[in-house]
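Written below as structure tokens is the structure these notes are about.
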DNA sequence: TTTTGATATCAATAATATTTCATATGAAAA
DNA sequence: TTTTCATATGAAATATTATTGATATCAAAA
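Residue numbers (the working numbering), protein chains in the order written: chain W, 35 to 134; chain F, 35 to 134.
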């Protein structure tokens, strides 16, 4: 027998985006409000390129949005995702996560 | 520069366990109540060995528990994890997920 | 006490994701 | 307009994870 990969791949994929300590840290920081990449990296202390790659993963997943601000770029949680008025939580559409 | 892998690896690792469509499906089924492996696989339709591997990942993460029942094995959500009275949700310790 | 049914494990391979390194781009400052 | 600062991107190297296939285990039934 063999008929693999079943249901709900969409939700699993979204969770995959969160399932990385760097990206999770980025999201937790952004739950406090928008931040420039430099500020993110002050706390994360990563190789510049690596952080940039992770930010791309988050952008591609629609979890964050980026707007240019002078020579910097300002990141924030994407609109539908941000549930920070309801405590530290994130809406993935298929499910929501609460960190409290 | 290079001083990678920062904070919260524990939570990221738990999310990693969920971030797979098969395992997510297993958990969603178990939110309805305990099931034998055979019953899980009636709905999942996987290679026996593959399902067994995924169940091991879930066991190792402490998300499910398994008890032998005759020649079968009965799986259920691990005690602290099961929040199914509060709706379809799961407690990972570091955060909780709600699927509603 | 062998066979069968249900599940688990192990070793190998395949598929994916992360990290690094070098280089590119856009915007302001000199 | 060149240099510098902040960030992004592409390609290659690593690392991690998932899948397959063969075999082992454990319990009940024959």
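The beta carbon of each residue, even a glycine, is placed where N, CA and C say it ideally should be. As the structure is a prediction and not an experimental result, all values here were calculated from the model.
Inset, instruction - Using only the heavy atoms of the ligand ZN, determine whether one of them is closer than 8 Å to the beta carbon of residue 126 of chain W. - result: Although the ligand ZN was asked about, the structure shown includes no ligands whatsoever.
Inset, instruction - Verify the CB distance criterion: does residue 53 of chain F have a CB-CB separation below 9 Å to chain W? - result: The residue labelled residue 53 of chain F in the question sits at position 19 within the second chain. Yes, contact with chain W.
Inset, instruction - Would you verify that the beta carbon of residue 46 of chain F is, or is not, closer than 9 Å to some beta carbon of chain W? - result: Translated into positions along the second chain, residue 46 of chain F becomes position 12. Yes - at least one Cβ of chain W is within 9 Å of the one on residue 46 of chain F.
Legend entry - Where the beta strand (DSSP E) containing residue 118 of chain F begins and where it ends: Translated into positions along the second chain, residue 118 of chain F becomes position 84. Looking at the DSSP string, residue 118 of chain F is not in any beta strand (DSSP E), and its letter there is neither H nor E.
Inset, instruction - Could you tell me whether any Cβ in chain F is nearer than 9 Å to the Cβ of residue 113 of chain W? - result: By 1-based counting over the first chain, the position of residue 113 of chain W is 79. No, its Cβ sits nowhere closer than 9 Å to a Cβ of chain F.
Inset, instruction - Return the chain-ordered list of same chain residues with a C-beta closer than 6 Å to the C-beta of residue 37 of chain F, the five sequence neighbours on each side being excluded. - result: Taking the first residue of the second chain as position 1, residue 37 of chain F is located at position 3. Because residue 37 of chain F carries a pLDDT of 41, less than 50, the predicted location of this residue cannot be relied on, and the following value inherits that uncertainty. Excluding sequence neighbours, residue 37 of chain F sits near nothing in its chain.
Inset, instruction - May I have a chain-ordered list of the beta strand (DSSP E) segments no shorter than 3 residues that lie completely inside the stretch 85–114 of chain F? - result: 98–103 and 106–111
Inset, instruction - Have a look at residue 55 of chain F and residue 44 of chain W and give me their C-alpha separation to the nearest angstrom. - result: The sequence position of residue 55 of chain F within the second chain is 21, counting from 1. The sequence position of residue 44 of chain W within the first chain is 10, counting from 1. Computed Cα separation, rounded: 8 Å.
Inset, instruction - Compare the C-beta of residue 89 of chain W against all C-beta atoms of chain F and say whether one is closer than 9 Å. - result: On the first chain, residue 89 of chain W is found 55 positions in, with the first residue counted as 1. No, because no Cβ of chain F sits closer than 9 Å to the Cβ of residue 89 of chain W.
Legend entry - Alpha-carbon spacing of residue 109 of chain W relative to residue 101 of chain W, whole angstroms: By one-based count along the first chain, residue 109 of chain W stands at place 75. By one-based count along the first chain, residue 101 of chain W stands at place 67. Approximately 7 Å between the Cα atoms of the pair.
Legend entry - Cβ-based neighbour list, residue 115 of chain W, same chain, cut-off 7 Å, excluding 5 preceding and 5 following: The count along the first chain starts at 1 and reaches residue 115 of chain W at position 81. 97, 124 and 125.
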